[in-house]
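One structure below.
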Ligand SMILES: Nc1ncnc2c1ncn2[C@@H]1O[C@H](COP(=O)(O)OP(=O)(O)O)[C@@H](O)[C@H]1O
Ligand SMILES: [Mg+2]
């Protein structure tokens, strides 16, 4: 054997040993024998494969069905439908777009007539009866709500004498809250009111329809001008008027605040000491802080000599810090401020404010005049488009039936029976553009959903920004710092069960706590009946400082020596220290609630600012709602960080925090991202709590503005989930709005998908960076 | 070829083309005629890493080929007092790490029994012994990594440069900074190669780019990894091969110039070539660092260490110069273990 010539016989290969001795049967001998029998099915696990495959296909079918219906319905809504002109047997003429067709059971009284019609086999249009001979009806969208009342009508087809598709049939999408108008356009005219009095207006025809061609081609430029005028008015009334209003409001607020401060100073609530004493106090506070800092430094230097950093020394240093912070607090709270404003100063302020507001009001008036002027020009150009049945034209308002509508109120003009395929595609795309980028019209049943998309995306992003740090910190504490015992298990179970609390409960909590408690505090400061006197407050603050020092002391003396077990007394001290810290936290809340120093940031505003529903509170509520998901995912991810990695870091001399920050967190990042993705998906789709804490039917302002702080998170907002509910079930015209439910759902699904894809991409990057595949 | 983890995998064949390894071993291990003793191979086919001929053992106390366990083993197993045999050569060197009557309990269960031991400065000391005898525990007691395990309690003391490790006011973090550690399973951190190597400096607050770069190059050169990774220092360390990862961990362990380097079976998860590289590396740095290495592989202990300590069930059994432990052990227990008759 070749191996015998090698220097060390011990490492002879196994098979050689086997051949030589043959005493030990090799495992391979059995495996290597020819296949004598088939592996049983149960061992191969084929049934399990089938089962799992089945379960997965059921899931896929359900998801595909849901998404399929959404995509199908959502994407066909905007495709332009033809307009049928129906001549009924009783002489009515109806124009409308067919929406749906079904067979129906006719009323008793109509049966005989229907049987007779069928027997004659003539006098009804094809399709009036289905294959089984049952009568059929079609839902037509007939629009023209202001003169008809009902924009939809079921038409029994056996009552129809003939149908045709007029090329002149016109569909108008309008911005006047009455929805669609379907009819035949006749002409565009200019109506100039005589300079004074009641004489009838002078009418000149600007364009007239030709038979069989429609009107659009000749009035497209006119409509362009009209749209421009509408745009100018919008810019003026929203942009300039809005800005002037904001400036006026700011001036008023400044003045109101000064007034309030002066009133407070008069009531004896000004600073406790004059400027000289205050400066002395400030110097003292800074000096104390410096002493505390020096002592801390010395303590750190002393750490080199074992045994020198005694608990007592630490206690002295922390007590020094408490006193320094207290002195600084006095200096900050009792600072000389505008609260000491005198009468004359206030009077001067008032004159300045008056002048400023007069100036702004004048500017406001001039903008209004400009708007009026454009509006008057706009009002001259009228469109006459007649309803097929009654022959009446579309009025400006239902109260003025003899005033034809303005041309500028037409948002989109479609002559669907004339459209080529390319034209239809154009209308389709333009409707999508409007849907995604414009504001809603006509109580959300028309127009776009841009503010809704914006609100949803902003809410979702804010929610993830809030929930991730909160969840990660909680999970870090639970997994890394807390002692793994009964307590933490209970907490963990509670957190997991939080995920099962109905979301509306979170909404109620959010409304009660965030909006009405926290928000009200930010707006107006503590409730007056809670506010204590200055003396009592400072007594409480000193008490709190003592409690903190006490808690520190017990924590220091209760800590067991490294490597030794805690004695019974030490355990008690630690428990007591924890309880004292809790008491200190409660004390801080008590001091905040009773403070005489805070009157809210918006006490001068008549209406609530933060103390009402808004995006910030909605995001906070949703972050509470999705917190369990993030905590659980993060805990799992942290637990999955290999122990060897942590030990390696500790072995390098890293502290616990350094290990967490540099090793554990990066490594757990993909898992945290998973939690964030789940939280985002859940939060974006939530509706119930949002109805309570911030989502509203209509809030076209985008929460962003040109004035600081640019992002107005305290405002209420629109949300896609709530919008779907509102449009589909709360709208006055839900039949007309129903198709928008599908498109809105489609948009929501796309947004969630997009946000998730983005997060998943980031996660994949992190994973390849921090976990790595190769080994 | 040397086994990765288990004793009996020694029986795996050495592949062709690995002759270099044989040469190295031949130069380190004195090769006696007994090394080819056919009886040794047939009697102990599984775990006889170093076939020390029974006849050549100098002490008369060894009952040659006796199947019965030596008395000391039985004493330890039954918990009777046992006096370890520490050769006088150990005391001739200046100790860096010294354990004094050191006991360690894992939630009540004693894992180390009164360890009294000196680890000489700038020498390589190997800890050998059967699995579960407390080698890792002893190693991790030196940098107090056992503090991380819940319910660990210690008695006695360990000194590093005469400073007590378990004194109440010791800054454990600072202590660990002065000790490098390499683990059984390579544990590169989820960051770039460069950041991995300078990790100990970073956490120490070092920010100067030049200092970091210099330390990185120096450690990587010392760990014989520089040429392989110098062009991709910014790449993730997780993309390196197993052997490279372990050498990276060694580079990391020495980058902060520790006083002591602890290695817990650093090669047990590596292939033979990588093992060889690491052993050479230990050889290279041996003169500059005090290295304490735990190994299951007696070839390795014999090749890389100056001193060897044999432990059994949480006790030190025999401790002396490596050559003496492997060729002239004073206790029959040690002799039985190094010839693979138990363990
Ligand atoms: N974390 C732990 N908790 C409890 N017992 C442990 C722990 N780690 C090791 N032990 C026990 O301590 C003894 C020594 O283990 P160890 O030092 O890892 O052995 P070695 O490294 O020599 O194989 C073993 O009996 C083992 O079961
Ligand atoms: Mg071990």
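Residue numbers (the numbering used here), protein chains in the order written: chain S, 165 to 939; chain R, 35 to 377. Using N, Cα and C, we set each Cβ at its ideal position, and we do this for glycine too. No experiment lies behind these values; they were computed from the predicted model shown.
Put simply, the backbone Cα of residue 279/S is about 37 Å away from that of residue 310/S. Taking a cut-off of 8 Å for Cβ pairs, the region 441 to 459 of chain S and the region 487 to 498 of chain S touch, as three or more such pairs fall below it.
Secondary structure at residue 808/S: helix, using DSSP grouped into helix, strand and coil. Distance between residue 924/S and residue 837/S, taken at the CA atoms: about 8 Å.
DSSP links residue 250/S through a beta bridge to 258/S, 327/S.
Between ligand 1 and the CB of residue 166/R, the shortest heavy atom gap is smaller than 7 Å. Annotation: Cβ neighbours of residue 827/S in chain R (cutoff 8 Å, chain order): 223, 224.
Under the Cβ criterion of 8 Å, residue 302/R is not counted among the residues facing chain S. Counting other Cβ atoms within 10 Å of its Cβ, residue 893/S stays below 16 and is therefore classed as exposed. Residue pairing by DSSP places residue 341/R opposite 159/R, 355/R in a beta bridge. Separation of residue 151/R and residue 109/R (C-alpha to C-alpha, rounded to the nearest whole angstrom) is 20 Å. Just so you know, the alpha carbons of residue 458/S and residue 236/R end up roughly 26 Å apart.
Residue pairing by DSSP places residue 688/S opposite no residue, since no beta bridge is assigned to it. Secondary structure note for residue 147/R: its beta strand (DSSP E) is the uninterrupted segment 143 to 154. Residue 332/R has a beta carbon lying at 8 Å or more from every beta carbon in chain S.
With a cutoff of 7 Å, residue 169/R counts as near ligand 1, since its C-beta is closer than that to a heavy atom of the ligand. Inter-residue distance for residue 906/S and residue 643/S is about 44 Å (C-alpha atoms, whole angstroms).
When distances are taken from the beta-carbon of residue 815/S to the heavy atoms of ligand 1, even the shortest one reaches 7 Å or more. Not a single C-beta of chain S is nearer than 8 Å to the C-beta of residue 140/R. Residue 317/R sits in a helix when the DSSP states are folded into three classes. DSSP links residue 139/R through a beta bridge to 144/R, 187/R. The three-state reading of DSSP puts residue 131/R in strand, counting E and B together. In chain R, no part has a C-beta under 7 Å from the C-beta of residue 475/S; the shortest such distance is about 11 Å. In terms of side-chain proximity, the C-beta atom of residue 186/R is found no nearer than 7 Å to any non-hydrogen atom of ligand 2.
Close partners of residue 233/R in chain S (Cβ separation under 8 Å): 813, 816, 818, 826. Closest option to residue 910/S, judged by alpha-carbon separation, among 617/S, 900/S, 392/S: 617/S. Under DSSP, residue 371/S takes part in a beta bridge, and its partners are 352/S. Ranked by Cα distance from residue 237/S, the options 845/S, 902/S, 931/S are led by 902/S.
Contact fails between the region 475 to 483 of chain S and the region 520 to 539 of chain S, because fewer than three Cβ pairs, one in each stretch, are under 8 Å apart. In the structure shown, the three-state DSSP call for residue 270/S is coil. Interface criterion not met: the Cβ of residue 735/S is under 8 Å from no Cβ in chain R. Within the same chain, and ignoring the five residues on either side of residue 688/S in sequence, the residues whose Cβ sits closer than 8 Å to its Cβ are 763, 764, 766, 767, 775.
Annotated three-state conformation of residue 767/S is coil, per DSSP.
Between residue 390/S and residue 545/S, the CB-CB gap stays under 8 Å. Not flagged as an interface residue toward chain R: residue 836/S, since no C-beta distance is shorter than 8 Å.
Closest in alpha carbon position to residue 569/S, among 831/S, 897/S, 340/S, 846/S, is 340/S.
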